[in-house]
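From first to last, the protein sequence lines are chains D and L.
When we follow my numbering, the leftmost residue of the first sequence carries the number 670, and every step to the right adds one.
When we follow my numbering, the leftmost residue of the second sequence carries the number 670, and every step to the right adds one.
There are 2 protein chains.
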Amino acid sequence: MVKTEFSPIADTTRRAEIVALLRRAILTGQLEPGQKLNELRISEQMRVSRAPLREAMRELVQEGILTSIPYAGTFVIDVTAKDIDDAYSLNKVLDEFAIERTWKLRDQRFFDELDRRHEAVKQATRDRDTTRQIETALQLHGLIHEWADNSVLLETWQRLTSRLQMYFALHQQARKEAVPAEDVHETYVRLLKGDDMRAAQRHAREHIDLDFEELLAYARGLEARTSKGS
Amino acid sequence: MVKTEFSPIADTTRRAEIVALLRRAILTGQLEPGQKLNELRISEQMRVSRAPLREAMRELVQEGILTSIPYAGTFVIDVTAKDIDDAYSLNKVLDEFAIERTWKLRDQRFFDELDRRHEAVKQATRDRDTTRQIETALQLHGLIHEWADNSVLLETWQRLTSRLQMYFALHQQARKEAVPAEDVHETYVRLLKGDDMRAAQRHAREHIDLDFEELLAYARGLEARTSKGS
DNA sequence: GACAATCAGATTGTCGACAATCTAACAAGG
DNA sequence: CCTTGTTAGATTGTCGACAATCTGATTGTC
């Protein structure tokens, strides 16, 4: 018997497509934090009735990137410096856990996939495609969570990822240009291939620190501005 | 001026009430794992149309206690031994993190609340109310996550809690009687009040180990039985 | 008897319309 | 001027009906 692999069939419901569309719009910063989603307007734009749209919104609310107030509306979540800090500190813990769980499960397929994703980041960097750069970098970091063979960890990571992607997208969007030219993931990948687990864990913490410091500074700046305006 | 505190107003939408009803039914084991939820039947029983019911179901799917297959139906999640093990090992990491974050924030209000929740567990134990015993025990353990002042951690813990509660309820339901008579949380509470953070973290890991070992054995038994039946 | 095509029933997905609620503007009264 | 009551418009929440899809039984064919 021939052994073939099939990829999952395409999403068949409108709801699923709407979820994908909305999520993309939010994570790329197309929809701004705090912005209200008008059901009638969106449903008309998408040529869809409000029922599947509302169901899609419920999903994204539970996913943590929308928030809903009964009879008032559904809004894109606000991004505070504290949110970023919270997500960041939890992320450190999860990364450490993921590396520990993944460590013994590493094999050639893991290393190949690691290289593949690393290459994707470098490609996006060469293309000066900031949105894709964020996306691929998060996918690179997600590999240890996918490989850790812990469904709950993976779910948690994916929830965190949504927000991180949103935060980074906003940041990039704000400072326009300025794409990091050099390869900041080189050491990370090398350590994951090596023999020193502790070193890999330590680097994950410190490396991520750098990315977030900048992000936090940006968010704090945003808040100072808005509180001044109110 | 008199300073009064008001609690948030009651949920006003049917959807929210449906979510609460369904969640309770699932977490108490009233709805069994794998069971299909028939929309028409449930909506008639609740005297509600399918729209808010479906929205409620979408929320619970994202919450991780229901799973949906397009055009096939929505089902209560299956509980495998691996799921429990995954949740358990992540829970250890989160507990450790929560204790670390909470440690410096402990004050008299924290200790009071700790005692209050501890007392609630003891009361439920005296009443031989197993369902409530599970609920209160999880609330006791949840305090460190609420106090840690990290919204993402709290969310993650709450998602985990849903499943844990379901698992424990199934377990309790299976073995009927046999409520632990002695107070297994005494040491936990004492250590959280003490000065040795490491000791508290260590105990959280080991103490939870005990609870889970039994649960895992039960789940493995279940799986052996079902695989034999197929 | 084995297998594919067809069909009926049940269930989920989607739609358009109506009901409940909120918001903001305006009027009335102190 | 400030507060309170009213009202119109817009928006969200809910409903009942229809369309799309799945499942299992039935039929026909080899």
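Glycine is no exception: its CB is placed at the ideal position from the N, C-alpha and C atoms.
Computed from a prediction, not measured in an experiment: that's the story for all the values here.
Query, Result
"Which residues, in order along the stretch 741-763 of chain D, keep a beta-carbon less than 8 Å from a beta-carbon of chain L?", "751, 752, 755, 756, 758, 759, 762 and 763"
"Assign residue 737 of chain D to one of three DSSP states: helix, strand, or coil.", "strand"
"Are the C-beta of residue 731 of chain D and some C-beta of chain L separated by less than 9 Å?", "yes"
"Taking Cβ-Cβ distances below 9 Å as the criterion, which residues of the stretch 807-820 of chain L are in contact with chain D?", "818, 819 and 820"
"Distance cutoff 9 Å, beta carbons only. Does residue 771 of chain D sit that close to anything in chain L?", "no"
"Could you give the residue range of the alpha helix (DSSP H) that holds residue 743 of chain D?", "Run containing residue 743 of chain D: none in the alpha helix (DSSP H); it sits in the beta strand (DSSP E), 742-745."
"For residue 702 of chain L, would you say it is in contact with chain D, using Cβ-to-Cβ distances shorter than 9 Å as the test?", "no"
"For the alpha helix (DSSP H) containing residue 704 of chain L, name the first residue and the last one.", "Residue 704 of chain L -> no alpha helix (DSSP H), and no H or E assigned at all."
"Which residue's Cα is closest to the Cα of residue 858 of chain L: L:750, L:832, L:824 and L:781?", "L:781"
"Would you tell me roughly how many angstroms separate the C-alpha atoms of residue 786 of chain D and residue 796 of chain L, rounded to the nearest one?", "56 Å"
"Kindly indicate the opening and closing residues of the alpha helix (DSSP H) around residue 760 of chain D.", "750-772"
"Thinking C-alpha only, which one of D:869, D:837, D:874 and D:742 is nearest residue 883 of chain D?", "D:837"
"Closer than 9 Å by beta-carbon distance: list the chain L residues that pair up with residue 829 of chain D, in chain order.", "821 and 825"
"Could you check if residue 733 of chain D is buried or exposed, using at least 16 other CB atoms within 10 Å of its CB as the buried criterion?", "buried"
"Given that residue 682 of chain L touches chain D, what residues does it touch there, using C-beta distances under 7 Å?", "739"
"What residues in its chain sit with their C-beta under 6 Å from that of residue 705 of chain L, if we drop five residues either side in the sequence?", "742 and 744"
"Going straight from the alpha carbon of residue 809 of chain D to that of residue 828 of chain D, what length do you get?", "16 Å"
"So, are the CB atoms of residue 811 of chain D and residue 799 of chain D less than 9 Å apart?", "no"
"What's the C-alpha gap between residue 835 of chain D and residue 791 of chain L?", "44 Å"
"Using a Cβ-Cβ cut-off of 9 Å, state whether residue 766 of chain D counts as contacting chain L.", "yes"
"Considering only the beta carbon of each residue, do residue 768 of chain D and residue 833 of chain D sit closer than 9 Å?", "no"
"I want to verify the contact list: residues of chain D whose CB lies under 8 Å from the CB of residue 724 of chain L, in sequence order.", "723, 724 and 727"
"Are any of the Cβ atoms in chain L nearer than 9 Å to that of residue 869 of chain D?", "no"
"Just tell me which of D:690, D:736 and D:759 has its CA closest to the CA of residue 721 of chain D.", "D:690"
"Roughly how many angstroms lie between the CA atoms of residue 711 of chain L and residue 806 of chain D, to the nearest whole one?", "44 Å"
"Quick check on residue 720 of chain L - is its C-beta less than 9 Å from some C-beta in chain D?", "yes"
"Flag this pair as yes or no: are the beta carbons of residue 759 of chain L and residue 817 of chain L separated by less than 9 Å?", "no"
"What alpha helix (DSSP H) runs, 4 residues minimum, are completely inside the stretch 805-845 of chain L?", "820-843"
"Figure out for me which residue from L:877, L:839 and L:763 has the closest Cα to the Cα of residue 703 of chain L.", "L:839"
"Contact criterion: CB-CB distance below 9 Å. Does residue 793 of chain L meet it with respect to chain D?", "no"
"Once DSSP output is grouped into helix, strand and coil, what is the label at residue 863 of chain D?", "coil"
"Identify whether residue 718 of chain L lies in helix, strand or coil by the three-state DSSP scheme.", "coil"
"Alpha carbon to alpha carbon, how far is residue 897 of chain D from residue 890 of chain D?", "Since pLDDT at residue 897 of chain D reaches only 43, below the 50 mark, its modelled position is unreliable, and the value read off the structure follows with that caveat. Their Cα atoms are separated by approximately 11 Å."
"Excluding five sequence neighbours on each side, which residues of the same chain lie with their C-beta closer than 8 Å to the C-beta of residue 765 of chain D?", "870, 873 and 874"
"Given residue 725 of chain L, which residues of its chain have a CB within under 7 Å of its CB, disregarding the five upstream and five downstream residues?", "684, 687, 688 and 691"
"Taking its Cβ as the centre, do 16 or more other Cβ atoms sit within 10 Å of residue 852 of chain L, making it buried, or is it exposed?", "exposed"
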